[in-house]
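Going down the list, the sequences are from chains A and B.
For the first sequence, numbering that gives the first Met the number 0 assigns the number 805 to the last residue and increments by one with no breaks.
For the second sequence, numbering that gives the first Met the number 0 assigns the number 75 to the last residue and increments by one with no breaks.
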Amino acid sequence: MYLPLFIFYSSICLYLKSCSRKTFYQRAYFTHREQFFGFVQWKDVTLPVKSSESFLIQTLPSCQCVCGKVKAHPLQHCRRYTTAGGSGSTAGKIVAASLLTVGGGLGGTILYAKWDPKFRSNIEKSVPYSDQLFEMALGPPPPPLVPLQKKPGKIEPLQISSLSEASKESKQPKAKAKKSDPAPAEAPPAVEEAPAPTPQTLEEASAEAAHIILAISEVPSVPAPGTSDESPPGHMAAGEESKDHHEPALKERPAEEVSARLAQQDKAEQDALSALTAGLEESLGSSAKTTLQAIGAQEAALTAIARHTNKLKEAMDSETPPDEKSTQWKALNEALSDRARAMEEAEEALLKAKGELEKLRGMINSAKQSKIDAARPQILAAEENFHSMIVDLDKVVTKVQTAQTEAKIVSQYSELVNEAKAQFQQELANITPEIQANWKGLSGKLSADDLNSLIAHAHRRIDQLNRELAEQRVREQIHIEAALEQLKLEDQKALERAVVSALEHRREDMRLEQEKKVQEVREVMEAEMRTQLRRQAAAHTDHLRDVLKVQEQELREEAQEILNSKMMEQETHYRRITQEQLDTFTLDMSAAYARLKGIEEAIDSHVIAEEEARKAHQLWLSVEALNYTLKSAGADSPTEPLEGAVRAIKENCAENEFAQALATALPEESLSRGIYSEASLRARFYDIRRLARRVALIDETRNSLYQYFLSFLQSVLLFEREQVAPPAKLAPEDLDTFRLLAYATYSIERGDLELAAKFVNQLRGESQRVAQDWLKEARLTLETKQVIGLLSAYANAVGLGTTQAP
Amino acid sequence: MSEKELGQKWDRCLADCAVKLGTGLGLGIVFSVVFFKRRTWPIVFGTGLGLGMAYSNCQNDLRSHYVLHSKVAKEE
């Protein structure tokens, strides 16, 4: 990322440098071309300067071509030019250059930041006010890419639960309730008991649901769409959800778990059943009690009413003596109060009974919904009881109602009678105002007028009453018809009511009967299924037993076979191995014996070989000694005489003829005086060469001093290569001294002394005389070397031959 | 050594030349002074004599190897 910046900056620097150098060279060239006399000013001293000098001075780029006046540094300062720079123009240039660099750097940075936002953010982080600069130049930074927020994972359990709900809808009651999210968290611990508390939770749930439904009617719907209406209670759903989670994870639960679950379920059912029965019985008992109480109360009320009406009738109809009338009236009042109380009690009891019956109905309904088969007969019995209780209650209630109507009629009648009596009394009072105060004391105080008026009144009353009676008789029919109509209507209503209730009862009876029948049939079916299943299980076990027996047989046979074969294998293997061992043993023994023999032979032959080797070694050593003596040659002195070493060889290898012959083939000189080394010969050769060149023209015919001078002149003036590669074949023109010497030099430089000696041998005249000694020495050295080489090769060969490979 | 021979010869030659030249010169001077009234010709003559003798000596020395020596065989 910093690369473009760096490149930009360095290119600017290089350009500037090259610019300055160019100008430097340009200036140098320019001033060089000018050849003029000028003056040089140096430290306020004006010096006249010639053109040549001015060139030297003016090549310093610090100079300016002012006509006649040149600023200069002395020459020795020109090397320090690049670090010096005191004049104002150079300072200005430097300032300009630095400004350019900085501006370039800035521009490059800004451009790159525009292209790469990451680089821009890096710079903004690292450099304090760069973000402002960037904003000014490029605008606000681009918005960072942020990945979309994930939706909260809470939706998923609800969705899953909704899915599970959808699958389980048909089975679960559609209680319209919704629980919050913490419910799923509580679900996992409740998973294991999910099946067991199902009925009870359902009961509770259904009971709760009825309470909750109003409360939550305003709660907003859950994000999970479409299923909020039909979500069962939360922990139920969670239970189902966890169950669902479990179901895909475990396709098949192990048998133990299943049986455990079944046992659990059974136990749970039993518990529920017992709870149910207990509840039912309890409620039955209580309702029965209350119903009986109600019935008793109603009957008591009935009797009270009947008594009251009787008493009332009696009081109306009978003509009892007045003193008994008061007691009668008192009794009547008592009866009335009795009746009222009894009615109240009856009402209360009825209400209670109704309440208990409602409860009982609720229990029965819930029990019915729990779907526990075992509870069915109890439910049925409870229903029957309930039904009978209702019937009784209704009957009693109707009885009480009829009694009440009768009592009403009678009371109406009594009222009328009382009214008539009161009216009569009032009339009497009107007619006989004086006597009205005391009714009882009437018999003593009655006068004839009073009696007459009374009788007249009585007659008038009787007439009136007769008229009324006649009217009544006339209206009797209408009244009777109206009454009949009314009665009919009432009868009809009562009939309808009775019919309806009878129908209800009948329906209930039929339903109960049906249920009973269904229950019986179910039981029978269950029993039959159990027996069938038992039969099937028995058959299955028999079959399994047979199959297992057969399998056992087969496996046993297989195993026996395998065992036999393995045994056979092992036997053969054992026999083979023992045989092999025997064979190997005999083989080893014979091999060892043979080897022993071989070793003995080898040792014997080894001794001989050792001997040979020793001899060869000795020979080699002596030859090495001889070789070593060769090395003792100094720069100009010959080696030590080889005599000693040769003698040693002769002594050591007395029986080796080849070595002896070779040892004797060595030249005398080398033995007595030693030989020169090749290096010394080589060095000496150059002297020979020089001399030979100088006297190249001198031979028998030309040997005057003038010739010597000429020959010397020739050698000085003749330019030729020192070394020339000799051709494969010598042509006659190669026999020129100089040529020969060139060949010899070449050869000797390449280390080929022999060839050089051969060439030197071809020299003629004075050159030959001059080279004579050298040639002799060369010959000696070559001979000796040849012989020694032969000897050492022979010694090496012998040594190689006698060496035994390990 | 055969190569040193030539050098030796040249040494002798030079030495001889120097001696003879000097002697010639000296004698020339002497003769010129003594006998010939300080004329230059005896000096030159003496120098030339010396130089010539030296030259021929040198030449003979250098040539000596190639000169054939004959011997008169005794008649038997």
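For every residue, glycine included, the Cβ atom is placed at its ideal position computed from N, Cα and C.
Beta carbon proximity, residue i to chain B, threshold 9 Å
i        : result
A:Asn655 : no
A:Glu699 : yes
A:Leu618 : no
A:Asn795 : no
A:Ile687 : yes
A:Tyr675 : no
A:Arg720 : no
A:Ser791 : no
A:Tyr707 : yes
A:Arg683 : yes
C-alpha distance - residue i paired with residue j, whole-angstrom precision
i        : j        : result
A:Glu656 : A:Ala624 : 19 Å
A:Thr736 : A:Tyr745 : 14 Å
A:Tyr685 : A:Leu712 : 19 Å
A:Gln424 : A:Lys288 : 52 Å
A:His386 : A:Ala380 : 10 Å
A:Pro140 : A:Tyr8   : 26 Å
A:Gly643 : A:Glu782 : 18 Å
A:Pro726 : A:Arg749 : 15 Å
A:Arg672 : A:Glu639 : 7 Å
A:Glu344 : A:Ser258 : 56 Å
A:Lys775 : A:Val769 : 11 Å
A:Ser636 : A:Gly764 : 28 Å
A:Val218 : A:His307 : Because the pLDDT of A:Val218 is 47, which lies under 50, any placement of that residue in the model is unreliable, and the number read from its coordinates should be weighed accordingly. Near 60 Å, if we compare the C-alpha coordinates of A:His307 and A:Val218.
A:Glu522 : A:Glu514 : 12 Å
B:Met52  : B:Lys36  : 25 Å
A:Arg720 : A:Asp733 : 14 Å
A:Lys728 : B:Val71  : 46 Å
Three-way DSSP call (helix, strand, coil) for residue i in this model
i        : result
A:Thr783 : helix
B:His68  : coil
A:Cys652 : coil
A:Ile674 : coil
A:Pro116 : helix
A:Glu721 : coil
A:Val499 : helix
A:Ile819 : Any answer about residue 819 of chain A is impossible in this case: the structure gives chain A only from 0 up to 805.
A:Asn702 : coil
B:Met0   : coil
A:Val65  : In this predicted model, A:Val65 has a pLDDT of only 46, less than 50, meaning its place in the structure is not dependable enough to derive any value.
A:Gly104 : helix
A:Tyr128 : coil
A:Ser636 : coil
A:Asp393 : helix
A:Leu665 : coil
A:Glu168 : Per-residue confidence for A:Glu168 stands at a pLDDT of 45, beneath the threshold of 50, marking its modelled position as unreliable; no derived number is given.
B:Phe34  : coil
B:Pro41  : helix
Cβ neighbours of residue i in the same chain (closer than 6 Å, five flanking residues each side left out)
i        : result
A:Leu349 : Ala293
A:Met235 : Because the pLDDT at A:Met235 is just 43, under 50, the model does not fix this residue reliably, and the value given afterwards should be weighed accordingly. Within the same chain, A:Met235 has no close Cβ partners at all.
A:Asp130 : Glu123
A:Lys398 : Leu301
B:Lys19  : Gly49, Met52, Ala53
Nearest-angstrom Cβ-Cβ length linking residue i and residue j, presumed shorter than 8 Å
i        : j        : result
A:Thr780 : A:Leu709 : With a Cβ gap of about 35 Å, A:Thr780 and A:Leu709 do not count as contacting.
A:Leu790 : A:Val622 : 5 Å
CB contact below 9 Å: residue i versus chain A
i       : result
B:Ser69 : no
B:Met52 : no
B:Glu74 : no
B:Gly6  : yes
B:Arg48 : The residue you asked about is not Arg; residue 48 of chain B is Leu in the sequence shown. So no, B:Leu48 is outside the interface.
B:Leu61 : yes
B:Ser31 : no
B:Ala17 : no
Cβ shell of residue i (< 7 Å), same chain only, five flanking positions each side left out
i        : result
A:Ala695 : Ser710, Gln713, Ser714, Thr736, Phe737, Ser766
A:Ser169 : The pLDDT assigned to A:Ser169 is 43, lower than 50, so where the model puts this residue is not dependable; a value taken from the coordinates is nonetheless given after this. So no residue of the chain qualifies.
Residue i CB to nearest heavy atom of the ligand SAM below 8 Å
i        : result
A:Ala658 : This structure does not include the ligand SAM; it has no bound ligands of any sort.
Chain-order list of residues whose beta-carbon lies under 8 Å from that of residue i (same chain, five-residue window excluded)
i       : result
B:Ile28 : Pro41, Ile42, Gly45
**Request:** Taking a Cβ distance cut-off of 8 Å, strictly less, list which residues of the segment 766-788 of chain A are near chain D, in chain order.
**Result:** In the displayed structure, chain D is absent; the protein chains listed are A and B.
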